[in-house]
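Counting in my numbering, the final residue of the sequence shown is number 520, and the numbers go up one at a time with none missing.
All C-beta atoms, glycine included, are put in the ideal place defined by N, C-alpha and C.
None of these values were measured; they are calculated from a predicted model.
Below is one structure, written out as structure tokens, with a few remarks after it.
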Amino acid sequence: MMTREKTREVTERIASLRERVLSAKPGVCTERARYYTEVYKENEDQPVIIKRALALKKTLEKMTIFIDEGELIVGNHSSAHRAAPIFPEYAVDWLPEEMDELDKRPGDAFYITEEHKQELTRIAHWWKGKVLWDRGRALMSQELRDLQDSAIIKATGNLTSGDAHIAVDFYKILEVGLSGYFQEIEEHHRLVDRSDREGIKKDAFYTALAMGLKSFQTFIRRYRDLAIYLSKESKDPDREKELQTIAGHCDVIAEQPPQDFYQALQLVYFVQLILQIESNGHSVSLGRLDQYLYPFYQRDLTSGKITREFASELLENTWVKLLSVNKIRPWSHTRFSAGGPLYQNVTIGGQTPDGKDAVNALSFLVLESVGNMKLTQPNLSVRFHRGISEEFMMACMNVVEKGFGMPSFNNDEVVIPELINLGVEPEDAYNYSAIGCIEIAVPGKWGYRCTGMSFLNLMRVFLAALHDGYDSESGHTFLKGKGKFSDFSSYDELFEAWQHQIRYYTRKTVEIDAAVDTAL
Numbered sequence: 001m002m003t004r005e006k007t008r009e010v011t012e013r014i015a016s017l018r019e020r021v022l023s024a025k026p027g028v029c030t031e032r033a034r035y036y037t038e039v040y041k042e043n044e045d046q047p048v049i050i051k052r053a054l055a056l057k058k059t060l061e062k063m064t065i066f067i068d069e070g071e072l073i074v075g076n077h078s079s080a081h082r083a084a085p086i087f088p089e090y091a092v093d094w095l096p097e098e099m100d101e102l103d104k105r106p107g108d109a110f111y112i113t114e115e116h117k118q119e120l121t122r123i124a125h126w127w128k129g130k131v132l133w134d135r136g137r138a139l140m141s142q143e144l145r146d147l148q149d150s151a152i153i154k155a156t157g158n159l160t161s162g163d164a165h166i167a168v169d170f171y172k173i174l175e176v177g178l179s180g181y182f183q184e185i186e187e188h189h190r191l192v193d194r195s196d197r198e199g200i201k202k203d204a205f206y207t208a209l210a211m212g213l214k215s216f217q218t219f220i221r222r223y224r225d226l227a228i229y230l231s232k233e234s235k236d237p238d239r240e241k242e243l244q245t246i247a248g249h250c251d252v253i254a255e256q257p258p259q260d261f262y263q264a265l266q267l268v269y270f271v272q273l274i275l276q277i278e279s280n281g282h283s284v285s286l287g288r289l290d291q292y293l294y295p296f297y298q299r300d301l302t303s304g305k306i307t308r309e310f311a312s313e314l315l316e317n318t319w320v321k322l323l324s325v326n327k328i329r330p331w332s333h334t335r336f337s338a339g340g341p342l343y344q345n346v347t348i349g350g351q352t353p354d355g356k357d358a359v360n361a362l363s364f365l366v367l368e369s370v371g372n373m374k375l376t377q378p379n380l381s382v383r384f385h386r387g388i389s390e391e392f393m394m395a396c397m398n399v400v401e402k403g404f405g406m407p408s409f410n411n412d413e414v415v416i417p418e419l420i421n422l423g424v425e426p427e428d429a430y431n432y433s434a435i436g437c438i439e440i441a442v443p444g445k446w447g448y449r450c451t452g453m454s455f456l457n458l459m460r461v462f463l464a465a466l467h468d469g470y471d472s473e474s475g476h477t478f479l480k481g482k483g484k485f486s487d488f489s490s491y492d493e494l495f496e497a498w499q500h501q502i503r504y505y506t507r508k509t510v511e512i513d514a515a516v517d518t519a520l
């Protein structure tokens, strides 16, 4: 039986890092918008996928990077803690209209300098008519635009940002490293037949992948060089050694698979970071972290290379880093999702492919470290099942009683059989993870359109069914109904009226999503 050790208090280092991020005023960072605009201006003739790769490359090579005093896990999303980068390629028209009101919002306020306002106004002017919002709307019929404007179908989030709702295959990247991925890309690229349209698309795809991966490696090496520089400047021998260790880890994982738990966690965080720098998506999740990191943790713990306390400190540092990531949305979206949620989900527990309890020592450590920090990130999800131990469930309850809403629970007894019924391979079904607030997916296999879609207001559809198709909120009748509620003489007639409406609105939701996806 696994013995759970007494929960430790956070160290002074972690408490300081936590307070630094929590006390940071949310700002706006213009660096990414500046670099993306420059690249798109200079490469208007290139395919979108190449422009995106070139823009990411410039951003990762030029953006401000820093290493906070005392931090052990490095990598920043923007030029300052809690400063939200701007993603002009999705939607930017709303920003000049709302800039003067950003700091007056009743929730999710942002503080922006006059200099940055002027820069973003110039940037927004250049992007007019070129962004995802414009292209997606142009692909919709007038009927679809009216539905979107009425908010009975709400696709604003997908039209103004990347949607994400994914967890990548961390098992693979920890096994082969970035160089392994690069070799795989090269192998596929060599086989491309460029004599037809599909081959030309594949050529651009693999070219962009290789460029993005090389940029990722450059980004990591920038932190290696910064850590070396700071170590030479440091007057504290202990901090000098820590910075040298960080530099050594970055040097390894920029090319090779990680060799220990510390390096593996740092690479996982870098992957998480790059995904969010590249695309303005929320619900970029970390999958079953206690499973893919456990072999590193177990090996290091057994060999004496790491202690439980230091591993916990590394995890807590990572949770602070996740909290420092911020996202700015138009007020039309923000008022429906206040609190700046990013839904960076970490999943622990569950079962192995042969149905055994997958809880391990790292599951406990992740759970306790999240409980220690009491932050809004990461979203922590526990997969439970009838074979889970009472000890682990009680540890979960100890965190729940702290009152900050963690962890949430997914029931394997329901989820796994249903995934299999839907055609998911059993091995994949047993490996599912949470990838947002409540959604699930198989890491590295699928997500996005299976979970993150435009939103359909079912109660407004139901009310329309009761009023002969009339939507009182917008004043439109999008689909003539089967009569009013007073006309129905049976539940069957009511249900038929509801089905009539829901079929129409569900179809229109798919049509709106298709327009957004085609415009990407």
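Asked	Found
Met2 versus Arg308 - alpha carbon distance	Residue confidence is low: Met2 scores 48 on pLDDT, short of 50, so the model does not pin down where it sits. Its coordinate-derived value is still stated next. Roughly 14 Å between the two C-alpha positions.
Residue environment, Asp163, which counts as buried when at least 16 other CB atoms sit within 10 Å	buried
Cα-Cα separation between Leu463 and Tyr505, rounded to whole angstroms	13 Å
Secondary structure of Tyr504, DSSP reduced to three states	helix
Top-ranked residue by Cα proximity to Arg137, from Gly107, Asp251 and Leu159	Leu159
Three CB pairs or more closer than 8 Å across the region 77-96 and the region 273-287	yes
Candidates His125, Leu314, Gln499 and His476: closest to Leu265 by CA position	Leu314
Alpha helix (DSSP H) runs contained entirely in the region 72-135, provided each spans 4 or more residues	94-98 and 114-127
Under the three-state DSSP convention, the category Ile49 falls into	helix
Assigned secondary structure, Gln148 (DSSP; H/G/I helix, E/B strand, else coil)	helix
CB of Gln217 within 9 Å of CB of Glu255, strictly	yes
Buried versus exposed, by CB contacts within 10 Å (16 or more), Asp422	Looking at the sequence itself, residue 422 is Leu, so the reference to Asp does not match. Exposed is the call here.
Separation of Val442 from Cys431, as counted between CA atoms	The amino acid at residue 431 is misidentified as Cys; the sequence shows Asn. Each residue's Cα considered, the two are about 6 Å apart.
Cβ contact (3+ pairs, closer than 8 Å) linking the region 332-347 and the region 34-46	no
Supposed close pair Ala109, Gly27 - CB separation, criterion 8 Å	Ala109 to Gly27, Cβ: 10 Å. No contact.
Distance between Asp357 and Arg383 (C-alpha atoms, nearest Å)	10 Å
Residue interval of the beta strand (DSSP E) (run including Ser454)	Counting along the chain, Ser454 falls outside any beta strand (DSSP E), and DSSP gives it neither H nor E.
C-beta atoms of Ile228 and Phe261 nearer than 9 Å	no
Buried or exposed by the 16-neighbour rule on C-beta atoms within 10 Å, applied to Val510	exposed
Alpha carbon of Leu267 to alpha carbon of Asp100, nearest angstrom	38 Å
Unbroken stretches of the alpha helix (DSSP H), 4 residues or longer, contained in the region 198-278	237-253 and 261-278
For Asp517, three-class secondary structure by DSSP	helix
Proximal residues to Ile49 (C-beta, below 7 Å), its chain only, five neighbours per side dropped	Ala204, Phe205 and Ala208
Unbroken beta strand (DSSP E) run spanning Leu342, endpoints	Run containing Leu342: none; DSSP gives neither H nor E here.
9 Å Cβ cutoff met for Pro378 and Leu456	no
Alpha carbon of Lys128 to alpha carbon of Ala155, nearest angstrom	20 Å
C-alpha gap between Glu418 and Pro353, whole angstroms	15 Å
Beta-bridge partners of Arg383, as assigned by DSSP	Gly349 and Asn410
Coil, strand or helix - His189 by DSSP	helix
DSSP three-state assignment for Gly157, whether helix, strand or coil	helix
The region 327-341 / the region 391-402 touching (three or more Cβ pairs under 8 Å)	no
Among Thr59, Tyr36 and Ser312, nearest to Phe364 - alpha-carbon criterion	Ser312
Presumed contact (8 Å Cβ cut-off) between Leu132 and Ala519, rounded CB distance	6 Å
Segment contact flag, the region 488-500 with the region 462-480, C-beta cutoff 8 Å, min 3 pairs	yes
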